[in-house]
Amino acid sequence: MPGEVGVLLSPQDCENILSKFDENATLAKYEINRISGKVFGFLAAHYYVTIEYTRNGQNVVYSHRFFLKTMPTANETQRAYIESMGIFKKEILNYKNFLSEFSQLTKVPFVAKYYFSKSDCLVIEDLSSLNYQVCNMEYLGHRKCVGALNALARLHASSIIFEEARSTKEQPYRLNEHFHEELTEATFSFQEGHVRNKWCKTSTRCLEQLSRYFTNNEEVARKIKQYVFSENGLKKYIRPSRTYRNTVCHDDLWCNNMMFNERDECMLLDFQLSRYTPPVFDVLLLLHLGTTASYLNKNIEYLLDLYYNFLTNELSRYDLKIEEIISKDDFSASAEEYTLPALVEAGLYGTNVYLPESVSSIVVSCPENFLEFAMKDRPSFVVKEFERNQEYRERFSTVLKPLFHIIEEIEIN
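Take a look at the structure:
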């Protein structure tokens, strides 16, 4: 298998992939191709693996395409950053240890089939072959928003179903006690010197500097920083709740991590940042990152009710009564309590996920740019783009305007 990408998978690796896809298949040949020149995110590289094979010793040659996700190879700084986060191993463990089983617990799958992994690569179902597509930075329209909420409900319901099947009255089973590495916090670190602590600081500085475009109150910049780093602020909400039922949550719900088919059914991608928190955190993050302010203002209560109904229906298939697990009152209370944490996280993510392709390409073009953006001086990219790019400014303002309004109104201890 010649070429730069040939070393990603060996013939034996491809035979292992085939054995899970079709036990009667015999490898003929395979080809690996990078998916276009687009930047789909900063935390992996993406390829197609096309495998040709025969079945049962016959001469007919079949072909099937898989999706391959690897550690980036072109930018060593980017690769070292991802290795320091530990997220590539985390996602592989998620797929191997519970996502594959989760998806079998729901009526309709919400995640691609897992086929193979090793330390630096993950092979899953190619959803584009099933006519699923990403949104390409678009806002979620109503039908896609409904489809995404349905997929989230299936993820969260499967987490509850998995736990309830293993629980007794005397001893509740909780996933975070058994899958620590899979569910450890990867988005934020408050350990001085850690790469995600540097990420958190430089992303927060973006919000501090952008606040002046929305308010003349200089206290807002101070308060947003205090909220991110205080024990009673964001730190509290990214941990498992002691008040509400927790589930496996995705925590990276921007448009490139969801794919939709022609019926607007949704599949979730990229479980590198998964955590164990109340499911409403995911729901609010999705809605604030993915929809317009006008749509959300008109429909927030309807969308929360819709999600709750989806969750109710999934649990009822296993004779689980949602009122005994997450009561409607508790769900409503959690939605109110987690609005600010979700907006803060959406704001921090918006310094990255809303950036146009032109800026993302510059970021990954060389180690120096990636280091500046990821850990040192993100505002030099973000604030400049916010000032000059109306589309970016309008998109990001959907999150920033309500965020700064709440921050301005509340007391932060």
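Just so we're aligned: 178 in full-length UniProt numbering is position 178 of the sequence shown, and the numbers increase by one with no gaps anywhere.
Yeah, the Cβ is synthetic: ideal placement off N, Cα and C, and Gly gets one too.
Rounded straight-line distance, which links the Cα of residue j to that of residue i
i, j, result
"ARG65", "PHE260", "18 Å"
"GLN272", "PRO109", "19 Å"
"PHE162", "PHE102", "7 Å"
"GLY193", "PHE21", "43 Å"
"LEU303", "GLN12", "47 Å"
"ASN24", "ASP251", "38 Å"
"GLN58", "LEU8", "29 Å"
"GLY233", "ASN33", "44 Å"
"TYR227", "CYS206", "14 Å"
"GLU323", "ASP305", "14 Å"
"LEU43", "SER100", "22 Å"
"PRO367", "SER360", "13 Å"
"LEU253", "CYS145", "12 Å"
"ASN150", "LEU311", "8 Å"
"LYS236", "VAL61", "56 Å"
"SER159", "PRO240", "14 Å"
"PRO356", "GLN133", "19 Å"
Residue span of the alpha helix (DSSP H) that contains residue i, given as start and end
i, result
"ASN299", "293-316"
"LYS90", "87-94"
"ARG196", "195-210"
"ILE224", "219-229"
"VAL399", "390-409"
"SER332", "328-337"
Whole-angstrom C-beta distance between residue j and residue i, which should lie under 8 Å
i, j, result
"ALA346", "TYR81", "Contact flag wrong, Cβ pair sits at about 22 Å."
"THR50", "GLU76", "Going by Cβ atoms, the distance from THR50 to GLU76 rounds to 28 Å, so no, they are not a contact pair."
"LYS203", "ARG378", "Residue identity differs from the one stated: residue 203 is Ser in this sequence, not Lys. The pair is a contact, with the Cβ atoms about 6 Å apart (cut-off 8 Å)."
"GLU138", "PHE67", "Not confirmed; about 21 Å, so no contact."
"PHE370", "PHE386", "About 20 Å; that fails the 8 Å criterion."
"GLY290", "LEU140", "4 Å"
Simplified DSSP assignment, three categories, for residue i
i, result
"PHE260", "strand"
"LYS169", "coil"
"VAL280", "helix"
"CYS366", "coil"
"SER117", "strand"
"CYS14", "helix"
"ILE238", "coil"
"GLY3", "Residue confidence is low: GLY3 scores 42 on pLDDT, short of 50, so the model does not pin down where it sits. Its coordinate-derived value is still stated next. Three-state result, GLY3: coil."
"HIS142", "helix"
"GLU31", "strand"
"ILE274", "A quick correction: the sequence has Ser, not Ile, at residue 274. Here SER274 sits in coil by DSSP."
"MET267", "strand"
"ALA25", "strand"
"GLU185", "coil"
"LEU152", "helix"
"LEU348", "helix"
"ILE124", "strand"
"GLN104", "helix"
"GLN78", "helix"
N- and C-terminal bounds of the beta strand (DSSP E) containing residue i
i, result
"GLU52", "45-55"
"LYS69", "62-70"
"THR247", "247-249"
Is it a yes or a no for the region 264-275 touching the region 158-168, going by three-plus beta-carbon pairs under 8 Å? The region 264-275 makes no contact with the region 158-168; the number of CB pairs closer than 8 Å stays below 3.
If contact is defined by three or more beta carbon pairs under 8 Å, each pair taking one atom from either stretch, is the region 366-384 in contact with the region 337-357? Touching, yes.
Counting Cβ pairs closer than 8 Å, one from the region 172-185 and one from the region 272-288, do we hit at least three? With a cut-off of 8 Å on Cβ pairs, the region 172-185 is in contact with the region 272-288, counting three or more such pairs.
Answer yes if the region 111-125 comes into contact with the region 239-254, meaning at least three C-beta pairs across the two stretches below 8 Å, and no otherwise. Taking 8 Å as the limit for Cβ pairs, the verdict is that the region 111-125 does not touch the region 239-254.
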